[in-house]
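Protein chains in written order, with the working numbering: chain A, 1 to 397; chain B, 1001 to 1509. By construction, the Cβ of each residue, glycine as well, lies at the ideal position given by its N, Cα and C atoms. Computed from a prediction, not measured in an experiment: that's the story for all the values here.
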Amino acid sequence: MDYYVLSRYAYLKYYFLILYYRLTEYPPAVRVWAVFTAVCLILMVSIVLGNVVRVIRASADNRAVERNREKYAAKVKEVALTERTMEPAEISELLNLPKNFKMHERQNRHFVPMLIELYRRYGSEMNRANWQRVLQVLKMPAYFDAQVRSRSKRKRVVAFKNVADMDANLKEAVASRYLFTKDRKLQNNARLHAARFGTSYPFKVLLDDPNLVFTEEMVVKYHNVLLYRQANGMSMPNFIHWCNRTPVNEELRIFAINEIRLFRRREDCPEMLSMLQNSREERFSCALIRALGDMEYVPAEKEFCRRYLSASYTERQQLATALGQINSGNPEVLKFLEDDFLQTTDAVTRMLLLRTIRGYGEIGREAYERLKRETPKAFAIFYEHIECDLIDSSRYA
Amino acid sequence: MPEWVYDAFSYFVMAYSAIILGSYVFFAILAFLEHKKHYTYHDDDYTIEELKKSPYTPGISIVAPAYNEEKTVITNVQSLLSLDYPDFEVVIVNDGSKDRTLELLIENFELVKVPYAYIEKIKTKPFKGLYKTKSDNPAFKRLTVVDKVNGGTKADASNAGVNVVSNKFFVCTDVDCVLEKNALYRMIWPTMASTRRVIAVSATMRMSNGSLVEDGKMVDPRPPHDFIPLSQDLEYTRSFLIGKTALSRINAMQNVSGGFGMFDREVVIKAGGYDGDSFAEDMDMVARMIRYMCDSGEDYRVVQIPETCCWTEGPPNFKVLNRQRTRWGRGLFQFFTVHRDMLWNRDYRQYGMFTLPYILIFELLAPVIEFMGYFMVISLLVQWAINWNTIWIAFLGLYVFAQLLTVTIISYDVWVGTSFKRRTDYLWFVLASLLEPLFYHPINVFFSLRGYVKQILGTQMVWGNMTRKGVQSAKKPAAPASVAQAKSAEAAEAAASAENKKEEENAHA
């Protein structure tokens, strides 16, 4: 007797046909609805099974990560914190790894959380050479190279982030392949990687890209990259050069000015002042004013006073704060601030000016007391507000 | 009734159902794409590490109005103060509470009244004073308490908070909400990553009934084990993980929840702040912000993030649910009378051309059509004219579709980083989804219709208190230090319950 074995698709077709013929006496709408119901059922079962598989895999992964943590974390930490630079063979022996140690992608993945955790916690105290050798022994660079080359977008992005998170490294040829990719997020990650580890002029890609989109997210990340470079004694960019390049993204110019302020590059102040004299764009001017004020560049005072009368609302507030920060003790500036305090009708500006006057050295304190006596009673709340130590009046908006 | 009426109604319902089911499928696909994008590019730990180190991380203010919250205010303020973020302030607005809310805040956080120059950028009921701590505790220094005359609405209190906040973005929440520790990092990130100006950010909210909370922190999030909050939890999850996520993808979000949402302060002030007369003040606020942005020709985004950032206590019984849903129904009706000019208006982009028509047809009109459907079914039952051979297929299809949606949201929730520690907790969702279409949904239809009728008749509405059971605490409650304290606590509780009773009576009157 011959047995004929049907494929699973044939079985599925068979059930659909049963459904179809059972419903032939029903109107078309009901038949369509029945098919819709069957499709929903199949989808539902598939999603449930998919979830179950995903949950099982995730818990297996977690167990493997825990196992690695228990087995290696203490030893890796010990190696990374050792002052003496160790040889890879020695590290391998200490970690009890076999001589021809090879890793599968999945095994490497299970090491990643532990390594990131260790680097975050002990990164500042580590012997960098030993750390890099640990990563090499565990075949992490090769793993990340493979991940960045993989077809999955997520794997690529995650690989770039993990490399940054544990101070690993990638082959330059591999990392640079996404510097101009269409996928903006991936492109940003690749560029950040280049900026973090590049040795020649890694920021050139930012200056040369006419379609650059420089969001606040990038501002945060690039600043952290610059901190990393500074901490590791790597070359730092010339920010003022970024501003002078044409055409350069406006956001990038503002970022460059803010970085000059945060890295206290006082030698750039004269050039920033001349930029301010020619600047018409409000946000860029505000960044310049904030930087010059924060670095207490006294020659900027004159330009600030000149600019003040024709400045916009936001710019005025920046100028008043910057004049207070410079705090040169110049009576003319103080007179200027006092006059504006009496003329302005905006309460926020008034508070800001009053705070600046009060902080403007000894003469400022005297002027403040005089204003307190002379101005109408309605202003009393402003003085009380400024004098109250419990209120942070610099945050008043 | 003539037969053609039944036929016409049947065809209408078929077409309406087909479109509504189609839209659900469309939303589920859009939400899938959005979750996939989020999963591909977002890494919570990496984001937090980057933001922690950076001096560019923007400050955030948290505004939480409090009215007669003496039972929970201290724990909840402690919870807000313990959030993890480099630069944030907490502004509690005491909206003229009649209980000891303000006194308790003053006692526990060592507050003193300070001479604050209050500028009323948005009109509110009179400002009474501002309190800051004199303690050296750095966490307490983040706290500001605003005391004002009761305005009768949450909107008025929120506006007073907006007048005081000093950061560019503020989070509006309720004092009883429990926030996720990293909520602020998650909320701020979309504003930084977007190329367009993000005017509001919404995050997934869940029910805290049944969860374990310790010192105002969520220790063990669990699904509610009572039917009403459980059904509402399922409803919220479906709405946030499918509806809002999908709408966020096409920049057509209709609403940022009043329970937890982040807003651009400048736009809120320019849009005139919250409307105290509105029963759906959160939806109204978003509409007015969008109106302002579109009128001034600026590009904007309203974003929904999928991770659960906030837990709130859901209505524990039908009485409270009735009050809540009637208000929502009323608010929706009122919203369309106020913002009808935005409907089908190209000037308001996706919001005017897609979101508002969708809400009008499938949210505002849905209870009316469903009610007519119930009426038809009953009338057919009376006449014994139901075709039993086909109706079971129709019901089965709808039921299976509802289950499919539930399974989909569970898988989305697991995908974006599950909020429940035990996977078996999702079985409660499955249970709720089996019962919800039979009991919970029809009741909500009735409550919504009640709201419409009240709005049409112009019945005056009194804002009833939300009766709170309080969430489970991981620690045993501390015993009162003295008999006097215990007595005063009892007296305060009795006074509060009397107050609630009085308000209930007023509402009925």
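Supposed contact pair residue j and residue i - C-beta distance, whole angstroms, cut 8 Å
i                  : j                  : result
LEU1332 of chain B : GLU1298 of chain B : About 27 Å; that fails the 8 Å criterion.
LEU323 of chain A  : ALA311 of chain A  : Incorrect: roughly 12 Å between the Cβ atoms, too far for contact.
THR1245 of chain B : ALA1402 of chain B : THR1245 of chain B to ALA1402 of chain B, Cβ: 19 Å. No contact.
ILE1510 of chain B : VAL348 of chain A  : Because residue 1510 of chain B is not part of the residues shown, which for chain B are 1001 to 1509, the question remains open.
ASN1094 of chain B : LEU1102 of chain B : 5 Å
GLY1451 of chain B : ARG1325 of chain B : 7 Å
CYS388 of chain A  : VAL1114 of chain B : 5 Å
MET275 of chain A  : CYS243 of chain A  : 7 Å
VAL225 of chain A  : ALA195 of chain A  : 5 Å
VAL30 of chain A   : ILE1393 of chain B : 6 Å
LEU1365 of chain B : LEU1356 of chain B : About 13 Å separates the two Cβ atoms, so there is no contact after all.
Extent of the continuous beta strand (DSSP E) run through residue i
i                  : result
CYS1177 of chain B : No beta strand (DSSP E) holds CYS1177 of chain B; DSSP gives it neither H nor E.
THR1308 of chain B : 1300-1312
LEU1130 of chain B : 1127-1133
THR1144 of chain B : 1143-1148
MET1262 of chain B : 1260-1264
Counted within 10 angstroms of its Cβ, other Cβ atoms place residue i as buried (16 or more) or exposed
i                  : result
LYS161 of chain A  : buried
ALA10 of chain A   : exposed
ASP1147 of chain B : buried
THR24 of chain A   : exposed
ASN68 of chain A   : buried
ALA1481 of chain B : Note on ALA1481 of chain B: pLDDT 37, under 50, position unreliable in the model; the coordinate value appears next. When all chains shown are included, ALA1481 of chain B counts as exposed.
PRO1477 of chain B : Because PRO1477 of chain B sits at a pLDDT of 39, beneath the cut-off of 50, its placement in the model cannot be relied upon, and the point is left open.
GLU1281 of chain B : buried
LYS204 of chain A  : exposed
THR199 of chain A  : exposed
HIS49 of chain A   : His is not the amino acid found at residue 49 of chain A; the sequence shown has Leu there. Label assigned to LEU49 of chain A: exposed.
THR85 of chain A   : exposed
HIS1225 of chain B : exposed
TYR20 of chain A   : exposed
PHE1260 of chain B : buried
SER1208 of chain B : buried
ASP1295 of chain B : exposed
LYS221 of chain A  : buried
SER1231 of chain B : buried
PRO202 of chain A  : buried
Where the alpha helix (DSSP H) through residue i begins and ends
i                  : result
VAL174 of chain A  : 172-175
THR1040 of chain B : 1003-1041
TYR119 of chain A  : 105-122
GLY154 of chain A  : Per the sequence presented here, residue 154 of chain A reads as Arg, with Gly not at that position. Note, ARG154 of chain A: alpha helix (DSSP H), 153-166.
LEU138 of chain A  : Element bounds for LEU138 of chain A: n/a, residue is neither H nor E.
HIS1444 of chain B : Per the sequence shown, residue 1444 of chain B should be read as Asn rather than His. Counting along the chain, the alpha helix (DSSP H) containing ASN1444 of chain B begins and ends at 1440-1457.
PHE1395 of chain B : 1388-1415
TRP1428 of chain B : 1426-1435
TRP1344 of chain B : Looking at the DSSP string, TRP1344 of chain B is not in any alpha helix (DSSP H), and its letter there is neither H nor E.
PRO1115 of chain B : Unbroken run through PRO1115 of chain B: none, as it is neither H nor E.
MET44 of chain A   : 28-81
TYR20 of chain A   : 8-22
GLY1373 of chain B : 1366-1383
**Prompt:** What are the complete beta strand (DSSP E) segments, minimum 3 residues, inside the region 1063-1110 of chain B?
**Reply:** 1088-1095
**Message:** Please give the ranges of any alpha helix (DSSP H) in the region 1191-1246 of chain B, keeping only runs that are unbroken, at least 4 residues long and fully inside the region.
**Reply:** 1227-1238
**Asked** Quick one: complete alpha helix (DSSP H) runs, 4+ long, within the region 177-239 of chain A?
**Response** Listed in chain order, the alpha helix (DSSP H) elements of length 4 or more contained wholly in the region 177-239 of chain A are 184-197, 204-208, 216-231.
**Asked** Is the region 1220-1237 of chain B touching the region 1428-1442 of chain B, taking contact as three or more C-beta pairs under 8 Å?
**Response** Touching, per the Cβ criterion.
**Asked** Is it a yes or a no for the region 1340-1357 of chain B touching the region 1245-1254 of chain B, going by three-plus beta-carbon pairs under 8 Å?
**Response** Yes, the region 1340-1357 of chain B touches the region 1245-1254 of chain B.
**Prompt:** Would you call the region 1050-1060 of chain B and the region 1015-1030 of chain B in contact, with 3 or more CB pairs under 8 Å?
**Reply:** no
**Request:** Would you list, in sequence order, the uninterrupted alpha helix (DSSP H) runs of no fewer than 4 residues that lie entirely inside the region 317-395 of chain A?
**Result:** 331-343, 347-358, 361-374, 380-387
**Request:** Check whether the region 1149-1161 of chain B touches the region 1041-1056 of chain B, taking contact to mean three or more Cβ pairs, one atom from each stretch, closer than 8 Å.
**Result:** No, because fewer than three Cβ pairs between the region 1149-1161 of chain B and the region 1041-1056 of chain B fall closer than 8 Å, the two stretches do not touch.
**Message:** For the region 1254-1270 of chain B against the region 1428-1436 of chain B, do three or more pairs of beta-carbon atoms, one drawn from each stretch, fall closer than 8 Å, so that the two count as touching?
**Reply:** no
**Request:** Could you say if the region 38-48 of chain A and the region 1407-1420 of chain B meet the contact criterion of at least three C-beta pairs nearer than 8 Å?
**Result:** yes
**Message:** Is it the case that the region 1172-1182 of chain B contacts the region 1208-1223 of chain B, given that we only count it when at least three CB pairs across the two stretches are under 8 Å?
**Reply:** yes
**Contact between the region 245-256 of chain A and the region 277-287 of chain A (3+ Cβ pairs under 8 Å)** = yes
**Prompt:** Is it true that the region 150-157 of chain A meets the region 119-127 of chain A, where meeting means three or more beta-carbon pairs spaced less than 8 Å apart?
**Reply:** no
**Item:** Touch test, the region 345-365 of chain A against the region 1066-1079 of chain B, Cβ-Cβ under 8 Å, three pairs minimum
**Value:** no
**Prompt:** Do the region 373-393 of chain A and the region 1002-1013 of chain B touch if we need at least three Cβ pairs shorter than 8 Å?
**Reply:** no
**Message:** My parser needs the alpha helix (DSSP H) runs of 4 or more residues fully inside the region 250-325 of chain A; what are they?
**Reply:** 250-262, 269-278, 282-294, 300-308
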